Amino acid sequence: MHIHPDARSVVRALAPDEPVILNRPHAAARAARFFTEKFPGKSLYAVKANPSPALLQILWDSGITHYDVASIAEVRLVRETLPEAELCFMHPVKTARAIREAYFEHGVKTFSLDTIEELEKIVENTSAEDGTAASDLRLLVRMRVSSEYSELSLAAKFGVDLADAADLLRTTRQHCDWLGVCFHVGSQAMTPFAYVQALERVRAAVAEASVVIDVVDVGGGFPSDYPGMEPPPLEDYFAIIHRHFEALPIAYNAELWCEPGRALCAEYSSLIVRVEKRRGDELYINDGAYGALFDAAHVAWRFPVKALEDDLTQPLAEFAFYGPTCDDADYMKGPFLLPADIQAGDYIEIGMLGAYGAAMKTGFNGFGNAEQIVVEDEPMASLYRGDRVDPRATDNVVSLR
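Once you know that position 117 of the sequence shown is 117 in the UniProt record's numbering, the rest is easy, because the numbers rise by one and skip nothing.
(1) Can you grab the Cα-Cα spacing for the pair residue 278 / residue 24, in whole Å?
(2) Could you tell me the distance, in whole angstroms, from the CA atom of residue 330 to the CA atom of residue 288?
(3) Can we say the stretch 49-57 touches the stretch 80-87, given the rule of at least three CB pairs closer than 8 Å?
(4) Indicate the three-state DSSP secondary structure (helix, strand or coil) for residue 178 in the structure shown.
(5) Write down the C-beta distance between residue 190 and residue 227 rounded to the nearest angstrom, noting that I regard them as a contact closer than 8 Å.
(6) Rounded to whole angstroms, what's the CA-CA distance from residue 235 to residue 262? Just pull it up for me.
(7) If you count every other CB in all the chains shown that lies within 10 Å of the CB of residue 95, and 16 or more means buried, which is it?
(8) Looking only at C-alpha atoms, which of 260, 202 and 18 sits nearest to residue 48?
(9) DSSP on residue 397, reduced to helix/strand/coil?
(10) Taking residue 318 and residue 281 to be in contact with their CB atoms under 8 Å, please state how far apart those CB atoms are, rounded to whole angstroms.
(11) Does at least one heavy atom of the ligand HEM sit under 7 Å from the Cβ of residue 185?
(12) Work out the CA separation of residue 335 and residue 387 for me, nearest whole Å.
(13) Where do the ends of the beta strand (DSSP E) carrying residue 365 lie?
(14) Within a Cβ cutoff of 6 Å, which residues of the same chain sit near residue 125, ignoring the five residues on either side of it in sequence?
(15) In angstroms with no decimal places, state the Cα-to-Cα distance between residue 35 and residue 202.
(16) Less than 8 Å between the C-beta atoms of residue 404 and residue 142, yes or no?
(17) Hey, out of 358, 337, 38 and 267, whose CA is closest to residue 351's CA?
(18) Quick one: what does DSSP say residue 301 is sitting in, helix, strand or coil?
(19) Considering Cα atoms alone, identify which of 270, 212, 286 and 42 is closest to residue 446.
(20) Check this for me: beta carbons of residue 68 and residue 88, under 8 Å apart or not?
(21) Keeping to the same chain, check which residues put their C-beta closer than 8 Å to that of residue 302; ignore five residues upstream and five downstream.
(22) Compare the Cα-Cα distances from residue 253 to each of 212, 293, 290 and 273 and report the closest residue.
(23) Taking all protein chains shown into account, do 16 or more other C-beta atoms lie within 10 angstroms of the C-beta of residue 157, making it buried, or fewer, making it exposed?
(24) Measure the CB-CB distance between residue 175 and residue 140 and report whether it falls below 8 Å.
(25) Ignoring anything shorter than 4 residues or poking outside the stretch 201-264, list the alpha helix (DSSP H) runs there in chain order.
(26) Note down the Cα distance separating residue 151 from residue 188, rounded to an integer number of angstroms.
(27) From 123, 186, 127 and 178, pick the residue whose C-alpha is nearest to that of residue 148; which is it?
(28) Based on the DSSP output, what are the partners of residue 306 in its beta bridges?
(29) Are residue 346 and residue 275 touching if we call contact CB-CB under 8 Å?
(30) Alpha helix (DSSP H) containing residue 136: first to last residue?
(31) Please list the terminal residues of the continuous beta strand (DSSP E) segment that includes residue 9.
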């Protein structure tokens, strides 16, 4: 495999007609080492963020041994790629067939649930042919918590309400070897306080249930660095999570887990696109809402950008993007800051697309091809290099956002 120094060298060498995904193994490895060394518990990679087998191997080689899988396809993928990995089936709604295959064929013992019906389904489909119930299950009850401090809410779809959590915990305790509680504060949590609120709900549920808790899984939500969304240092998140975990009424040897997805892989990839047309402050590019830029279109996520031409001299101006398909909704309002003299034929690098970029691509309208190339330079932003300025350093106002 030929490795290029950076995006500009790729453009000079290939002058690509189609988008190119640039992968940075060193950036993903650094993020993995950060979590394994600094998070005070186990880190489970949330495979949905980027299921690339190459990335899975990088994370494994860098110390990530546990994987949060949400479908039987993800179970199969990780088991094939990493035969010794510990798989945790953390989708609260699974098919009976998926549970059976995961347990009997792939050795999955850890499952999440948020209803009695899901508990019964898990127990039934992990039992032996003679009806003997499995004795090695690790079951985590997912609680509904607030997403008010996160950029993308995950509060509506899954999770048992606090009022019903104690009963579900007591019932689940009767069917498992390990009992846990899990939650998700939403994607891109912009303050550690998000986890304080969630852990207080866990405290209330566990105290009412009066059962032994073996694991607390604080889920995902750990942020990355994007324009207009610069979070506090991750060490602040880890410290406050650990402090509140230690105060919970749980077993003395209970484990603390987390499920980073975005935080482990956002810096892994960027994308080279070409401007096919300019119309005022709108640039028509060759990737978009149905490609790696799903979030830029559908949730107005801003990504860092830079022009890859050496002859653009005008000051930065604000642009919006249109993608390549025939759909008017293939639109990304940005704003994206690029030289004011950018024009058709010029190339742009769009950064921080390792999470929910390649994973979201489709082939709609005949578009979607993208070569993947390894580059050696640094990502366009990083929480892990050690040279980042804390965004609060120049802020005289204390804020929870």
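From the three backbone atoms N, C-alpha and C, an ideal C-beta is built for every residue, glycine too. Because the structure is a prediction, the values reported are computed rather than measured.
According to the structure data:
(1) 30 Å
(2) 6 Å
(3) Because the criterion of three Cβ pairs below 8 Å is met, the stretch 49-57 and the stretch 80-87 touch.
(4) strand
(5) Rounded, the Cβ-Cβ distance is 14 Å, inconsistent with contact.
(6) 16 Å
(7) exposed
(8) Taking only the C-alpha atoms, the option nearest residue 48 is 260.
(9) Note that residue 397 has pLDDT 43, beneath the 50 cutoff, so the model's placement of it is unreliable and the number below is only indicative. Residue state, collapsed to three classes: coil.
(10) 6 Å
(11) Among the components modelled here there is no ligand, and therefore nothing to report on the ligand HEM.
(12) 26 Å
(13) Unbroken run through residue 365: none, as it is neither H nor E.
(14) 96, 99 and 100
(15) So the alpha carbons of these two residues sit roughly 23 Å apart.
(16) Since the first and last residues shown for the chain are 1 and 401, residue 404 lies out of range.
(17) 267
(18) coil
(19) The shown model of the chain, from 1 to 401, leaves out residue 446, and the question about it has no answer.
(20) yes
(21) 226, 227, 228, 229, 296, 334, 335 and 336
(22) 212
(23) exposed
(24) Taking 8 Å as the Cβ cut-off, residue 175 and residue 140 do not qualify as a contacting pair.
(25) 234-246
(26) 5 Å
(27) 186
(28) The partner list for residue 306 (beta bridge, DSSP) reads 349.
(29) Yes, Cβ-Cβ distance for residue 346 and residue 275 is below 8 Å.
(30) Careful: residue 136 lies outside any alpha helix (DSSP H) and carries neither H nor E.
(31) No beta strand (DSSP E) holds residue 9; the alpha helix (DSSP H) holding it covers 7-14.
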